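Inspection log for the structure reproduced underneath, given as structure tokens.
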Amino acid sequence: MLRKLFLAGTTFALLSGITLATPIGSYARCGWNYLTDSAGDAVPLEWELKRARQMIVDLQPEIQNNARRIAQEKIEVVRLERQLGETDMRLAKAQSEIERLSDDLRDESPTYSYGGKTYTSVQVKSDLGNRFKRFKTRQQTSDKLQKMLSARQASLRAASERMEAMLDARRQLEVEVENLQARLGALRVAQTSSQLNLDDSALSRSRELLDEIAMRIDVEEETMKVDVEYFGEIDLEEPSDENLLEDISAYMNGINGAGSDALVSIDLSADSSL
Numbered sequence: 059m060l061r062k063l064f065l066a067g068t069t070f071a072l073l074s075g076i077t078l079a080t081p082i083g084s085y086a087r088c089g090w091n092y093l094t095d096s097a098g099d100a101v102p103l104e105w106e107l108k109r110a111r112q113m114i115v116d117l118q119p120e121i122q123n124n125a126r127r128i129a130q131e132k133i134e135v136v137r138l139e140r141q142l143g144e145t146d147m148r149l150a151k152a153q154s155e156i157e158r159l160s161d162d163l164r165d166e167s168p169t170y171s172y173g174g175k176t177y178t179s180v181q182v183k184s185d186l187g188n189r190f191k192r193f194k195t196r197q198q199t200s201d202k203l204q205k206m207l208s209a210r211q212a213s214l215r216a217a218s219e220r221m222e223a224m225l226d227a228r229r230q231l232e233v234e235v236e237n238l239q240a241r242l243g244a245l246r247v248a249q250t251s252s253q254l255n256l257d258d259s260a261l262s263r264s265r266e267l268l269d270e271i272a273m274r275i276d277v278e279e280e281t282m283k284v285d286v287e288y289f290g291e292i293d294l295e296e297p298s299d300e301n302l303l304e305d306i307s308a309y310m311n312g313i314n315g316a317g318s319d320a321l322v323s324i325d326l327s328a329d330s331s332l
């Protein structure tokens, strides 16, 4: 019973873990991708360019290793070419000797003389058979060497082409890095120019002070002009009594009406008799 309960609990826990692990795993992957992307965007462009330059420099050991392998392959090709050349020379000599012995045996002579020595026809036939076997073996060796040489030459050509392509790609990367460096420099200059806020507060204060001084001078000049025109001159003409009486009469008429005019006239007449 306990064993069944344990198995059931374990199964439930596993199923629950699987159910929960699916969204949690997706959230975790999403968070990790966001962090890595944010970290990549936060790296300054200058630093990224330096890293790109370093990666290009790090290609040098691999290029040198490939160049060494190509050099070794060239040496192997040269060795195979020399070996094949020697084998072909031996084959040509062996073929010539086989043809000579074959021609001599066609004469059906009982003895044959070679190099100051005399050999029977049986000895010559035996030697011819052995030479023919070695010739066929050497011919097979030559064929194999030729195939090996062809394969090595093809491999060397392919490696040389890949090496040249790698060098071209590295040169292209260097040019692109220089181009990106120039573009980044121009971008930084443009950003600096757009963000360059000059402090012209002192100039503004100087302008305000000059305007204030000019306004004060204008006020004092205007004040001086008023004083001279209206208050600084002597009135050379005597005040006229006639005008004064007329002004008083007009004023009083406006206040008291027509009756007051008579009163004023009488008073003025009385004053005149006195």
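For the sequence shown, the numbering used here assigns the number 59 to the initial residue and increments by one for each residue that follows.
From the three backbone atoms N, C-alpha and C, an ideal C-beta is built for every residue, glycine too.
These numbers were taken from a predicted model, which means no experiment stands behind them.
Considering only residues of the same chain and omitting the five flanking positions on each side of isoleucine 114, which have a CB-CB separation below 8 Å?
So the list reads Arg228, Leu231, Glu232 and Val235, once near-sequence residues are dropped.
Proximity of isoleucine 133 and methionine 221 at Cβ, strictly below 8 Å:
Cβ distance not < 8 Å, so isoleucine 133 and methionine 221 don't count as in contact.
So, does the CB of arginine 274 fall closer than 8 Å to a CB anywhere in chain B?
Here there is only one protein chain, and chain B is not present.
Assigned exposure category for leucine 159 - 16 Cβ within 10 Å defines buried
The residue is buried, with at least 16 neighbouring Cβ atoms inside 10 Å.
Kindly indicate the opening and closing residues of the alpha helix (DSSP H) around serine 160.
103 to 163 is the span of the alpha helix (DSSP H), which, as asked, contains serine 160.
Once the 5 residues before and after serine 179 are set aside, which same chain residues still bring their CB inside 8 Å of it?
Leaving aside the five residues that flank serine 179 on each side, the residues in its chain whose CB is nearer than 8 Å to its CB run, in chain order, Leu163, Glu166, Ser167, Pro168, Thr169 and Tyr170.
Considering only DSSP beta bridges, list what serine 171 is partnered with.
In the DSSP secondary-structure assignment, serine 171 is bridged to Thr176.
Please state if the CB of glutamine 198 and the CB of leucine 149 are separated by a distance shorter than 8 Å.
Here leucine 149 is not near glutamine 198, since their CB atoms are 8 Å or more apart.
Buried versus exposed call for glycine 312 [16 or more other C-beta atoms within 10 Å across all chains shown]
Result: exposed.
Euclidean distance between Cα positions of asparagine 124 and lysine 205:
About 24 Å.
To the nearest angstrom, report how far apart glutamate 219 and glutamine 130 are at their CA atoms.
Looking at the two C-alpha atoms, the distance is approximately 16 Å.
Hey, how far is the Cα of arginine 334 from the Cα of glutamate 120?
Outside the displayed range of the chain (59 to 332) lies residue 334, so it cannot be described from this structure.
Evaluate contact between the region 138 to 153 and the region 259 to 268, counting only Cβ atoms and requiring at least three cross-stretch pairs below 8 Å.
Remark: fewer than three beta-carbon pairs, one from each stretch, lie closer than 8 Å, so the region 138 to 153 and the region 259 to 268 are not flagged as touching.
Candidates Arg241, Asp305, Glu279 and Ile271: closest to leucine 103 by CA position
When each option's Cα is compared against that of leucine 103, the closest is Arg241.
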